[in-house]
Amino acid sequence: MAGTGATAVRVRRQRGLGQVAVLAVPRRAWLAVLWRLLAVLGRLGLAVLRLLRLLRGLALAVLRRLRLVRVTRRRRAVRVAHGHSLACGPPERQRAAPGPTEDARRPLVRTGDPCRPYRVSLAARPATRDLADQEHTVSDPTTPPSPEPQPGQPSGQQPPYQGYGQQPQQGYGQPYQQPGYGQGGYGQGGHGPGPSALSPSEERTWALLAHLGPLIVALATGGILGFLVPLVIWLMYRDRSPFVGEHAKESLNFQITILIAAAVAWVSVFLLIGFVLVPAVAIFAVVVGIIASVTANKHQPYRYPLNIRFIK
Numbered sequence: 044m045a046g047t048g049a050t051a052v053r054v055r056r057q058r059g060l061g062q063v064a065v066l067a068v069p070r071r072a073w074l075a076v077l078w079r080l081l082a083v084l085g086r087l088g089l090a091v092l093r094l095l096r097l098l099r100g101l102a103l104a105v106l107r108r109l110r111l112v113r114v115t116r117r118r119r120a121v122r123v124a125h126g127h128s129l130a131c132g133p134p135e136r137q138r139a140a141p142g143p144t145e146d147a148r149r150p151l152v153r154t155g156d157p158c159r160p161y162r163v164s165l166a167a168r169p170a171t172r173d174l175a176d177q178e179h180t181v182s183d184p185t186t187p188p189s190p191e192p193q194p195g196q197p198s199g200q201q202p203p204y205q206g207y208g209q210q211p212q213q214g215y216g217q218p219y220q221q222p223g224y225g226q227g228g229y230g231q232g233g234h235g236p237g238p239s240a241l242s243p244s245e246e247r248t249w250a251l252l253a254h255l256g257p258l259i260v261a262l263a264t265g266g267i268l269g270f271l272v273p274l275v276i277w278l279m280y281r282d283r284s285p286f287v288g289e290h291a292k293e294s295l296n297f298q299i300t301i302l303i304a305a306a307v308a309w310v311s312v313f314l315l316i317g318f319v320l321v322p323a324v325a326i327f328a329v330v331v332g333i334i335a336s337v338t339a340n341k342h343q344p345y346r347y348p349l350n351i352r353f354i355k
């Protein structure tokens, strides 16, 4: 009997150990699952930190470019206020622009350069002339020089000659004084001065903002108002810079496409598919936006993938 009781106790102990082993296996599995989940969350946190650092670096680069643009504009304004010409340099370095001359051997033509508006016409100068003809041309005061045709007059017709001594105020200097800078030259146009073109640095800055601005605004507003930044840039600079207009239009179309995709993803949450679609759409928009910003900063064109181009 004693041996039978000892055998029963051993069987009970073995059964107890078996129960403990069966209960211990699920606990270890749960711990392994929790450990893996914590590892995945840690990797996601590191990726988010790297993304925030990259956005911070891009924002600092944009601010530096804007500051340089402002400083450049201030320097230009100061130079213009002190009489400096942006095309010709400071006043002491500007060469005196030659005016029209009464020497018929050296006719002048307009060059379109504000620093030197006239130059000697090489085509009108004959290759060979006799010395007697030159002396006759210089010494004969009754032969009036042929003036240049006015801008509104055909080149084949000459203005009627009214005599060299009758009206001196309408002599040889009149055709050159009429299209001068104060009356109808470069300062005034038919419809007023148009918008000035952007410099390459300004084009890179505004194109970078057209792609990076929607990401910042989308993070602040929940991805709803990101399309406003490229819309404003496109309306402001599409006429001043084709490069900025093309980048802003491409970014505007992409933001509208992402807005529609995000709405569909949030609706599909009720079908249990949106839990995968919503983060996928957000990550795709951020990654492609950063690639577009880097490409625009290199002054190169960029086309968004999977983009519905509503504005063409």
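For the sequence shown, this note's numbering gives the first residue as 44, with consecutive numbering after it.
We put the beta carbon where it would ideally sit given N, CA and C, even for glycine.
If only uninterrupted alpha helix (DSSP H) runs of at least 4 residues are considered, those enclosed by the region 264-321 are 271-280, 285-310. Comparing alpha-carbon positions, the option among Ala261, Val337, Tyr280 lying closest to alanine 325 turns out to be Ala261. Ranked by how close their Cα comes to the Cα of leucine 251, the residues Ile333, Arg117, Leu89, Arg71 have Ile333 in first place. Spatial neighbours of isoleucine 351 in its own chain (CB-CB distance under 6 Å, excluding positions within 5 residues in sequence) are listed in chain order as Thr300. Contact check for leucine 255 against alanine 102 passes: the beta carbons are separated by less than 9 Å. Look at the beta carbons and you see the region 242-250 touching the region 335-346: at least three pairs across the two are nearer than 8 Å. In chain order, Ile333 place their CB closer than 8 Å to the CB of leucine 97, counting only its own chain and leaving out the 5 sequence neighbours on each side. Of the candidates Trp309, Phe353, Arg79, Val312, Phe353 places its Cα closest to the Cα of glutamate 293.
Scanning Gly317, Thr264, Leu258 for the CA closest to the CA of proline 273 turns up Leu258. Of the residues Asn296, Gly269, Val83, Thr264, the one whose Cα lies closest to the Cα of tyrosine 345 is Asn296.
In terms of Cβ geometry, glycine 288 and tryptophan 277 form a close pair [threshold 9 Å]. With fewer than 16 neighbouring CB atoms inside 10 Å of its own CB, valine 76 falls in the exposed class. With 16 or more other Cβ atoms inside 10 Å of its own Cβ, valine 105 counts as buried.
Between the alpha carbons of alanine 323 and alanine 335 lies a distance of about 18 Å. Going by beta carbons, glycine 266 and leucine 315 fall outside the 9 Å limit. Note that the C-beta distance between tryptophan 309 and valine 319 is not below 9 Å. Scanning its chain for C-beta atoms nearer than 6 Å, with the 5 sequence neighbours on each side dropped, one finds around alanine 304 the residues Val324, in chain order. Within the same chain, Cβ atoms closer than 6 Å to the Cβ of alanine 291 are found at Ala253, Pro273, Ile276, Trp277, the five residues on either side in sequence being excluded.
By the CB criterion at 9 Å, valine 329 and tyrosine 347 fall outside the cutoff. Between the alpha carbons of serine 284 and threonine 154 lies a gap of roughly 27 Å. Collapsing the DSSP output to three states places proline 348 in coil. The three-state secondary structure of isoleucine 326, taken from DSSP, is helix. CA-to-CA, the gap between arginine 110 and phenylalanine 286 works out to about 21 Å.
Out of Lys355, Ser311, Pro243, Met279, the CA that lies nearest to the CA of threonine 115 is found in Pro243.
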